[in-house]
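Below is one structure, written out as structure tokens, with a few remarks after it.
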Amino acid sequence: MSATGPLRFPVPRTTSTEELQPVLMLLDGSDQRPLVLDHSPFRIGRKSDNDLVLPDTRVSRMHAEVIREEGAHFLVDLESKHGTYVNGERITGKHQLVRNDRIEIGARDGLILVFAPTKPHSSSREFLKQITAIPSNKTSDLEKLRVFLDAARRLNATSVLDDILDTLLETSLRLTQAERGYVYLLGSDGELRMAAGQNSKGEALADDKSISRSVVREAARSGGEFLVSDTLTQSSVRARDSVVSNELRSMVCIPLRKLQSSDEERTPVLGVLYLDSKVVAHDMSATSHDILRAISSEAASLLENAQLAQAEAAARRYQQELNIAAGFQQRLMSVRIPEVGWAKIEARNIPCTEIGGDFYDVVRTPEGLALIVCDVCGKGVPAALLASIMQGMLYSNLCAGMSLKDMVSNANQFLCERELNEKYATLVIVRLRPDGNAEYINCGQVSPVLIHGDRVSRPEVANVPVGMLNNTTFESGTFRMERGERLLMVTDGITEAENHEFEFFGDVRLEKMSIEKSPIDKIIAAVQEHRQAPLADDVTLLELEYKGQ
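Residue numbers (this note's numbering): 683 to 1231.
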């Protein structure tokens, strides 16, 4: 990056060894300078009061900042003009940083920072180092490597993966007598990403610009091993730009993959171990293929186990968060049914997953009672989130005395003007007065059932679902309830419940069972018997019995 003035670095604040802070490694030519992230936010930009001042025209005055939230660090782009990039991709808003993330400020070829969290004392790392320190006169290098990898597998967990990679590099550098090494892991997008770097002095390396990336890519693509003790004698290697510009004389590049019982039967490459040196390593060619295969297959098994451990940990975290969200949603959407002398209300809501998109509500208004049954399309977290928003909108509008048509028109406009991937909601709202007169609006929902003794009727006015068509007109209808009559409102999780022969539970069964006294539990049991399988959709039922004034 061409600068109009010198870079200015913050002075690290004093911190105890028990409170080691993560750092940003500033790559300035061949130098690496640590910038300690000992406070939040850590601001970056051209303005003089930033923590890291970058006097370059491509850097905005307040360009970006690093913040710490719940033990994690996030890079936030402050709407910079020329952008902030992480691993070559421009970010917007907040981006969580992980080890060895490469940050470019002001352009893709801008000043480079590498997020390199320092680690406190690690008992697992000390244990692994003790294993690799076994004197050579007691066991061979190959046996030490195998003991190390076996111990690493036993210790393997997300929390010690970095220690294992670092110790793997230490072992490999010692065995091959190379000057520096890197471990690259293959991401889900098929791209290789540096996971660890180290030199023969045990110092961490954050910059990998000077290695032969073409060799790394070829090893990952072909699954073949590169073992070059003198690049000058290898015509296929000596002309590579990185080899020439960095005067590399020795290279080892090993794909990390498990070997099956047959050498021809290979599993996919999980990553690459790369080692090189500026001196000719006469002993490097003597490194046995047994050690190369041990590094490749055993380290691949290690990485596979670590990835499984990480996936399991992520699944556990997701389930924990889902349980918290489910509990929060249940509390948020819990309904305390008002007690009035002229009506009795009973309701049930059964989500088919941990959290659902169905809900009901009963709101006491100056005119009487308002009953809501709503079904947001879809399932799980997105539907539950939208259902919570819909419940809040409808509740507040009812309390404000808004008309039913205006309520659903506002909700329709809200959903249509946002990019929600065709999310919509079906709902019925009934506003019932103590004298039995009711106004209702039905937007794509199952028509309510009015029970008059041993016969039923269905209000006929209907509209399209909310959020499906913008600028549509909604119509409401009216009906009157007499003493002893009942009103049953359900979602289509009842009527569209299918059995193994793809037959719906249907309206006929619903109407027949609604005639019975206290039908809610009976209808739910009948639906479950009809399906002979777990529910495939959320189910909501609400029954009101009008007792008269």
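Built from N, CA and C at the ideal position, the CB exists for glycine as well.
Supposed close pair residue i, residue j - CB separation, criterion 8 Å
i        : j        : result
Asp-1220 : Cys-1056 : At roughly 10 Å, the Cβ-Cβ gap does not stay under 8 Å, so Asp-1220 and Cys-1056 are not in contact.
Thr-1047 : Leu-1080 : 6 Å
Phe-797  : Arg-781  : 7 Å
Leu-1223 : Ala-1029 : 7 Å
Val-1112 : Leu-1169 : 7 Å
Ala-982  : Arg-1018 : Incorrect: roughly 58 Å between the Cβ atoms, too far for contact.
Ile-787  : Ile-726  : 6 Å
Ile-1032 : Leu-1217 : 7 Å
Val-1063 : Val-1148 : 20 Å between Cβ atoms; not a contact.
Ala-888  : Leu-709  : 7 Å
Cys-1125 : Asn-1103 : The pair is not a contact, with the Cβ atoms about 19 Å apart (cut-off 8 Å).
Contact under 8 Å by Cβ, residue i with residue j
i        : j        : result
Thr-954  : Ala-902  : As written in the sequence, residue 954 is Val, which differs from the Thr given in the question. For Val-954 and Ala-902, yes; Cβs fall inside 8 Å.
Glu-861  : Gly-884  : no
Tyr-1122 : Ser-1158 : yes
Thr-1120 : Thr-1160 : The sequence given here has Ala at residue 1120, not Thr. Going by C-beta atoms, Ala-1120 is nearer than 8 Å to Thr-1160.
Ala-877  : Leu-857  : no
Arg-1213 : Ala-1179 : yes
Leu-1114 : Lys-1105 : no
Leu-952  : Glu-907  : no
Leu-1051 : Ala-1025 : yes
Gly-1039 : Val-1058 : yes
Arg-875  : Asn-769  : yes
Leu-1053 : Leu-1226 : yes
Ser-959  : Ser-932  : yes
Glu-1167 : Tyr-1077 : no
Ile-1197 : Ile-1176 : no
Gly-1118 : Gly-1230 : yes
Val-1044 : Ile-1071 : no
Ala-746  : His-764  : no
Leu-736  : Arg-728  : yes
Thr-1154 : Asn-1094 : yes
Per-residue DSSP class, three states only, for residue i
i        : result
Asn-1031 : strand
Met-1075 : helix
Cys-1235 : Shown here, the chain extends from 683 to 1231; a query on residue 1235 therefore has no answer.
Asn-1005 : helix
Ile-1133 : strand
Tyr-1000 : helix
Ile-1197 : coil
Glu-885  : coil
Pro-723  : coil
Arg-1113 : strand
Met-876  : strand
Glu-751  : strand
Ser-1139 : strand
Ile-1202 : helix
Lys-729  : coil
Ile-1176 : helix
Ala-1093 : helix
Gln-1210 : helix
Thr-699  : Below a pLDDT of 50, predicted positions are generally treated as unreliable, and Thr-699, at 36, falls in that range; the measurement from the model is reported next regardless. Helix.
Asp-1043 : strand
Arg-895  : helix
Gly-906  : coil
Lys-1087 : helix
Asp-759  : strand
Glu-994  : helix
Val-1146 : coil
Glu-1121 : strand
Asp-958  : strand
Pro-1064 : helix
Ala-798  : strand
Gly-1188 : helix
Glu-861  : coil
Environment of residue i [buried if 16+ CB atoms lie within 10 Å]
i        : result
Tyr-1000 : exposed
Asn-732  : buried
Val-1190 : exposed
Gln-1127 : buried
Met-966  : Only weak support is given to the placement of Met-966: the predicted model assigns it a pLDDT of 48, under 50, and the question is left unresolved by the model.
Pro-1061 : A small fix is needed here, since residue 1061 is Lys in this sequence, not Pro. It is buried - the Cβ of Lys-1061 has at least 16 other Cβ atoms within 10 Å.
Leu-779  : buried
Phe-1041 : buried
Asn-1152 : exposed
Ser-730  : exposed
Arg-740  : buried
Gly-792  : buried
Check: residue i C-beta below 7 Å from any heavy atom of the ligand FMN
i       : result
Ala-754 : No copy of the ligand FMN appears in this structure; indeed no ligand is present at all.
CB contact below 8 Å: residue i versus chain B
i        : result
Ile-1205 : Among the chains in the structure shown there is no chain B, since it carries only a single protein chain.
Check whether the segment 719-726 touches the segment 747-766, taking contact to mean three or more Cβ pairs, one atom from each stretch, closer than 8 Å.
-> Yes: at least three Cβ pairs fall under 8 Å.
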